[in-house]
Amino acid sequence: MNTNGTKIIAKDLVLNFGGVTALNNVSFELREGEILAIIGPNGAGKTCVLNCINGFYRPQNGKIIFEGYDLTKMKPHKVAKLGLARTFQNIELYTGLSTLDNLMAARHNLIKYNFLTAGLYFGWAHRQEMEHRRIVEDIIDFLEMAPIRYKPVGSLPYGQRKRVELGRALALEPKVLLLDEPMAGMNVEEKEDMARFILDTFELKNIPIIIIEHDMGLVMDIADRIIVLDFGQKIAEGTPEEIKTNPEVIRAYLGTE
Amino acid sequence: MRLPEGIFNTSYAKDTAIIRTRWQWFLFVLLLILLFTLPPLFGNRHQLQLANIIGISIIAVLGLNVLTGCAGQISLGQAAFTAVGGYTAAAFAVKLDLPFWLAIPAAAIVAGLVGLIFALPAARIKGFYLAMSTLAAHFIILWVVKIIPDITDGINGMRVPPPELGGFSFDTPQRLYFLIIPIVIIMAFLARNFVRTKVGRAMIAVRDNDLAAEVMGVNTFKYKVLAFTICSAYAGVAGALLAYNHKFVHPDSYPLMDAIWYLGMLIVGGMGSVSGAILGTIFIRVLNDLTATELVPFISDTWPSMSAEVAASMGPLTFGLILMLFLIFEPRGIIHRWELFKASYRLWPFAHAPGGR
Ligand SMILES: Nc1ncnc2c1ncn2[C@@H]1O[C@H](COP(=O)(O)OP(=O)(O)OP(=O)(O)O)[C@@H](O)[C@H]1O
Ligand SMILES: [Mg+2]
Chain A
0 MNTNGTKIIA
10 KDLVLNFGGV
20 TALNNVSFEL
30 REGEILAIIG
40 PNGAGKTCVL
50 NCINGFYRPQ
60 NGKIIFEGYD
70 LTKMKPHKVA
80 KLGLARTFQN
90 IELYTGLSTL
100 DNLMAARHNL
110 IKYNFLTAGL
120 YFGWAHRQEM
130 EHRRIVEDII
140 DFLEMAPIRY
150 KPVGSLPYGQ
160 RKRVELGRAL
170 ALEPKVLLLD
180 EPMAGMNVEE
190 KEDMARFILD
200 TFELKNIPII
210 IIEHDMGLVM
220 DIADRIIVLD
230 FGQKIAEGTP
240 EEIKTNPEVI
250 RAYLGTE
Chain B
18 MRLPEGIFNT
28 SYAKDTAIIR
38 TRWQWFLFVL
48 LLILLFTLPP
58 LFGNRHQLQL
68 ANIIGISIIA
78 VLGLNVLTGC
88 AGQISLGQAA
98 FTAVGGYTAA
108 AFAVKLDLPF
118 WLAIPAAAIV
128 AGLVGLIFAL
138 PAARIKGFYL
148 AMSTLAAHFI
158 ILWVVKIIPD
168 ITDGINGMRV
178 PPPELGGFSF
188 DTPQRLYFLI
198 IPIVIIMAFL
208 ARNFVRTKVG
218 RAMIAVRDND
228 LAAEVMGVNT
238 FKYKVLAFTI
248 CSAYAGVAGA
258 LLAYNHKFVH
268 PDSYPLMDAI
278 WYLGMLIVGG
288 MGSVSGAILG
298 TIFIRVLNDL
308 TATELVPFIS
318 DTWPSMSAEV
328 AASMGPLTFG
338 LILMLFLIFE
348 PRGIIHRWEL
358 FKASYRLWPF
368 AHAPGGR
């Protein structure tokens, strides 16, 4: 079920934590071949949207449909298996593993052998390992991570860890990429690199992307459409030009009455 | 390919291989030859017994390394699962009159299944609570052993006949050595492969960041349960060999303290590493043996007034001391030290590599 070019449809999402309403009747869609940005002040509920898509949070009301599958009641690892990969706002890597193994770990569901053939290794498991290694090495080249291939990611500087996280998401061979502030806390140069990688990925693999980002200049540059959240409400949606001039958005950001 | 600054891997297969150079192959084969000739030819009875116990402990610790080292789940139940293995092997041999080469795999399977049953609830909890529930598992298992005398002979214990293969009986420490060491090698081979493949990566992902692991497609529950099952199956094999080694199984042969020793060996060797598990076990077992054969007689000679009990507690005492020292100064274990040494040796006289490893 692929309703006229939409990849993800989210309808009437409601998410409460005790008294806090993190999402209040939020609806949006992600279309085929677009970069959709979610912006909004701190605590607006942006990360919660991704967590709902992932199956990490269960919205009290509403539905999220991806290619005909209802994601709202699905376990996160099942959602990942469908081809939704993400990065996290506060880098969540496997710190003890190398860059290479972080990426290999993301191919978990694509590698087809069980623990018995893994134990024997030679033959089937070995061939698969080599095959997937080749694919992962391509991603390492693509993201220019060759020098940190064998480094345990726990020892990498912040900017590089963000990059490894993007690589790990790509290694999952996603159909949709969800990026939670991929450039937060980076210097200008790192941000430019990251933006380039994201745009290259988008063009090369032609996968739709949802990106949460605070840097307005960047968002305006790379997003096809933007939705704006404020206190769990969607207050605006449109092209960068429309958002720039939207009075609601200006009010939310400048905090004037 | 060998270049002046080291080994240059020309294929991914080369890069992932455990043994990468001809020199390493030579050392590996030499080690195997020595392993099968030196101890049985020149070792005395006591040394061979020690070697056998080391081999058996290595298997138990290798299993624990999968669960605790890789998947990050602490377990105090490893001694109880060796009991399951021991009793399974004994019951198979005594009650069903089956050969050891069926009894040992059966011990692995039964212990693995018992581990799986305990894992279903245990995989939902973490840290301190997990430690407590595996502790409970220990007492539950040993209690069950006592209340099913039809299978276990209850508190009387059971005599275990020596394993036999085509008329050859593994009835002396020297002969048992030839049974135990090949099994240790097989179990280490399997363990190494678990660690370096999808299975190990998924477990380490669970250990390092279960949230991310789940979101990136790892069924964390399944892999925790799998880790418990593999760990218990290893304990099962160790327990079966222990039964053959002692020629007797009894509920008291599997004290809780053993589970703690296994954990200690893993910590001293280095969590998550197969070589570490092996080195740690050898280190602690040899140290404990030296304490018993050298230190204790020395102490009771020097201070004859000291009671035998105090002298006997020297073993656990040195163990505790070593464990504490490692936790403070090298929590990543012997293997980490060795890796640091290797790295600096390879790079000498430079301080660090120009990228890469
Ligand atoms: N697990 C949770 N338990 C309780 N409250 C939560 C939880 N997760 C999020 N919230 C609350 O939901 C609201 C939205 O949080 P969210 O993380 O989605 O904000 P955000 O838009 O991503 O903000 P930021 O820009 O700071 O990342 C906040 O008020 C937050 O405190
Ligand atoms: Mg956020």
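Residue numbers (my numbering), protein chains in the order written: chain A, 0 to 256; chain B, 18 to 374.
Ideal Cβ positions, reconstructed from N, Cα and C, are used throughout, including at glycine.
A Cβ-Cβ contact shorter than 9 angstroms links A/PRO58 with A/CYS51.
Not a single CB atom of chain B sits nearer than 9 angstroms to the CB of A/TYR68. In the structure shown, B/VAL177 falls within a coil segment according to DSSP collapsed to helix, strand and coil.
Interface annotation for the region 41–61 of chain A against chain B: ASN53 and PHE55, criterion Cβ-Cβ distance under 7 angstroms. Ranking A/ALA21, A/ILE38 and A/LYS6 by CA distance to the CA of A/GLY32 puts A/LYS6 first. Cα atoms of B/ALA123 and B/GLU326: separation of roughly 39 angstroms, rounded to the nearest angstrom. Contact of B/ASN210 with chain A is assigned, a C-beta pair being separated by under 9 angstroms.
Contact between A/ARG167 and A/SER97 is ruled out by a C-beta separation of about 12 angstroms, above the 8 angstroms threshold. When secondary structure is reduced to three states using DSSP, B/GLU326 falls in the helix class.
Distances from the CA of B/ARG213 to each of A/ASN205, A/PHE87, A/GLY67 and A/ARG132 were compared; the closest alpha carbon is that of A/ARG132. In the DSSP assignment, B/LYS143 falls outside any alpha helix (DSSP H) and carries neither an H nor an E. Taking a beta-carbon distance threshold of 9 angstroms, A/ARG195 does not count as an interface residue toward chain B. Proximity of A/GLU91 to chain B, defined by a Cβ-Cβ separation below 9 angstroms, is satisfied. Linking B/LEU280 to B/LEU273 through their CA atoms gives a straight-line distance of about 11 angstroms.
In the three-state reduction of the DSSP assignment, B/SER92 falls in the coil class, being assigned neither a helical nor a strand state. Residue nearest to B/GLN95 within the set B/ILE345, B/GLY297, B/ILE352 and B/CYS248 is B/CYS248 (criterion: CA-CA distance). As computed with DSSP, A/GLU236 is found in a beta bridge with A/ILE226. Proximity of B/LYS241 to chain A, defined by a Cβ-Cβ separation below 9 angstroms, is not satisfied. Per the C-alpha coordinates, the member of A/LEU70, A/ILE226 and A/LYS150 positioned closest to A/LYS45 is A/ILE226. Buried is the label assigned to A/PRO173, since at least 16 other Cβ atoms lie within 10 Å of its Cβ.
In this structure, DSSP gives A/LEU14 an extended state, which the three-state scheme calls strand. Annotated three-state conformation of B/ASP170 is coil, per DSSP. As the crow flies, the alpha-carbon of A/ILE197 is around 16 angstroms from that of A/LEU83. DSSP places B/ARG218 in the helix class (H, G or I) of the three-state scheme. The DSSP-derived three-state label of B/ALA153 is helix.
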